[in-house]
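What follows is one structure encoded as structure tokens, with my remarks underneath.
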Amino acid sequence: MSTMSTTRRTITKLIAAAALTPFSSLAKAAVNPPRKRFDVAVVGAGVFGAWTAQALHSAGLRVTLLDAFGPGNSRSSSGGESRITRSAYGDRQIYARWAADSLLAWKGLAQRTGLALFENTGVLTFVPGGDPFADESSVVLKHLGIRYEILSATETMRRFPAFRLNPTETAIYEPDAGALMARRALRALVDEMVAGGVEYRIAAVRTPSGSGKLAEVQILSGETIAADRFVFACGPWLPKVFPALLGTRIRAQRAEVFFLGVPPGSTSYLPPAMPTWIDHNGMGDAYGFPSLDNRGCKLAVDAFNNPIDPDTGDRTVTAPYIEAMRSFVRQRMPGLSDAPIVETRVCQYEYAENENYLLDRHPDFTNVWIAGGGSGHGFKNGPMVGTYVTKLVTNQELTDPLFSISATKQLAPAKM
Ligand SMILES: Cc1cc2nc3c(=O)[nH]c(=O)nc-3n(C[C@H](O)[C@H](O)[C@H](O)COP(=O)(O)OP(=O)(O)OC[C@H]3O[C@@H](n4cnc5c(N)ncnc54)[C@H](O)[C@@H]3O)c2cc1C
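Next up, the structure:
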């Protein structure tokens, strides 16, 4: 009896309280909890977006980081196990400097997290005879105080017997360069950021419409996310997100990657006997790694310009790429000619026509920036890209013409 009357009294009190609260605000609070407004929403948690979110957060801004599939996902360009960091960039000094500065940031992340995120394997860049790339790189590396050696073909083969060079070739050796453990490093960065207060969530963002000042973006669930400024760092998806602006300026290009099993009991394919390497021809026709994490020697040969859809593209390797890889290995690393393929991956580069990054404001919006166009060499420079984009977003700097959208010409449509 007494329990019954207590319950009745409680219900009466609740009804009275509800009567004092206007119904509309109660309903609103339940249906639409108060929306957070962010200083900046970063769309895309690849290496460009994640380091941008990190730099914006360090600048004191309230940041949300959104990704459709998650940082380093299998479809993303940052989603590989390893990426080269080196400063031999010919006369493109800004990339050489950014690589050196970024490496400090990667090492800092490794130190803070206690994870092996950088393998100091050294990097060899093979340069064809007569190509000014070696001399140009020399000038820049010397100017920046980065350690390097120019090796003749004979000297390269003596020190690194896994490789064959023809007598006219030279190699640039950077002893302090090496391999970033890409997916692991990106995950560590996002985990650290989340622990530090950046909001991160899985969300697929729709293409914003209109022009002028963007107030919010809509995600596939229908929810909206409001922010004062937006950065779209969607890598190979950028042509899909902004088809009118970038549909023909950035091309997602298929990259087939192989791991070759090393001979049993051999240490010839481990660092320091084998460094990381790039076969330079333009921005690099082929590149590879020693057997990191004991997974075999990873390599890719960029023999084709085949496009790929980052959402739906099939991720199994194909006969023409296998043949191009085998033919390359027979000449450059004959000891691996008959090595079995022990793992494969299919990724994609997000090529801009001039192979420069694209870091600029969207011309239709006053508060939307784009960070992309890594063009097969963006990973190493994620930290400096983040710092640079933060300066653009906070109006401390205007886009360098090198990285501007207008400097990126339209690419010829790729043949499927
Ligand atoms: C095989 C291969 C080898 C490479 N080797 C090197 C190397 O040795 N050294 C080097 O420096 N660079 C290298 N690169 C290049 C480098 O990996 C890329 O330039 C870099 O990872 C690009 O990063 P990103 O953040 O621009 O794109 P991504 O890593 O692709 O990130 C974009 C993110 O945006 C998300 N996204 C897309 N659309 C939406 C949306 N609508 N809503 C929400 N999220 C969205 C995606 O899920 C993805 O996670 C290589 C690339 C490849 C493919």
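If you want the working numbering, it's the 1-based position in the sequence shown plus 10.
In this text, a Cβ means the ideal position worked out from N, Cα and C, and glycines have one as well.
Bear in mind that the values here come from a model prediction, so they are computed numbers and not experimental data.
Residue span of the alpha helix (DSSP H) that contains residue i, given as start and end
| i | result |
| --- | --- |
| W71 | Looking at the sequence itself, residue 71 is Leu, so the reference to Trp does not match. Counting along the chain, L71 falls outside any alpha helix (DSSP H), and DSSP gives it neither H nor E. |
| I104 | Q103 to T123 |
| C358 | This sequence places Gln at residue 358; Cys is not what is there. It is not in any alpha helix (DSSP H) - Q358 instead sits in the beta strand (DSSP E) that spans I351 to A362. |
| V267 | Looking at the DSSP string, V267 is not in any alpha helix (DSSP H); the run it does join, the beta strand (DSSP E), is I260 to L270. |
| T400 | G392 to V403 |
| A254 | P253 to L256 |
Given residue i as reference, the closest of the options once Cα atoms are compared
| i | options | result |
| --- | --- | --- |
| Q103 | S88, D145, D77 and A69 | D145 |
| P249 | F170, Y361 and P142 | Y361 |
| V133 | L119, R93, T328 and I380 | R93 |
| F338 | Y398, L270 and T404 | L270 |
| W247 | P273, R216, Q64 and F268 | R216 |
| Y279 | A78, T131, E209 and G222 | T131 |
| T328 | P350, D348, A214 and T354 | T354 |
| A214 | A55, T123 and L369 | A55 |
| S148 | G139, R85 and I160 | I160 |
| D303 | S86, L71, I229 and F128 | F128 |
| W379 | G388, E407, G275 and C357 | E407 |
| N315 | Q263, W287 and T286 | Q263 |
| G140 | T409, T178, T164 and E165 | T178 |
| A51 | V208, F413 and L256 | V208 |
| S86 | D410, L421, K419 and F389 | F389 |
| S231 | L224, R211 and A225 | R211 |
| P274 | V311, A106, V204 and A349 | A349 |
| D206 | A225, R122 and A126 | Here the sequence assigns Gly to residue 206, which means Asp is not the residue at that position. The candidate whose alpha carbon is nearest that of G206 is R122. |
Within 8 Å, strictly: CB atoms of residue i and residue j
| i | j | result |
| --- | --- | --- |
| G188 | T95 | yes |
| A296 | Y359 | no |
| N364 | A109 | no |
| A5 | R47 | Nothing can be reported for residue 5, as the shown portion of the chain is limited to 11 through 426. |
| G386 | Y367 | no |
| A381 | T74 | no |
| G222 | T404 | no |
| F58 | V272 | no |
| S112 | P393 | yes |
| V150 | I182 | no |
| F299 | T286 | yes |
| T326 | V356 | yes |
| I288 | T135 | yes |
| R259 | T418 | yes |
| I235 | V227 | yes |
| E184 | S97 | yes |
Start-to-end residues for the beta strand (DSSP E) that takes in residue i
| i | result |
| --- | --- |
| L8 | Residue numbering for the chain in the displayed model covers 11 to 426; residue 8 lies beyond these limits and cannot be assessed. |
For the 8 Å Cβ check, are there 3 or more pairs between the segment 150 to 164 and the segment 191 to 210?
no
Validate contact between the segment 339 to 353 and the segment 300 to 313 using beta carbons, cut 8 Å, 3 pairs
yes
Under 8 Å, with one C-beta from each stretch per pair, do the segment 164 to 176 and the segment 313 to 325 reach the 3-pair mark?
no
Restricting to runs no shorter than 4 residues, where is the alpha helix (DSSP H) found entirely within the segment 299 to 385?
329 to 342
Segments assigned beta strand (DSSP E), at least 3 residues, entirely inside the segment 139 to 216
159 to 162, 180 to 184, 188 to 190 and 209 to 212
On the three-pair Cβ rule with 8 Å, is the segment 251 to 261 touching the segment 324 to 336?
no
At a cut of 8 Å, does the segment 398 to 414 reach the segment 57 to 74 through at least three beta carbon pairs?
yes
contact_flag[the segment 75 to 90, the segment 199 to 211] where n(CB pairs < 8 Å) is 3 or more
yes
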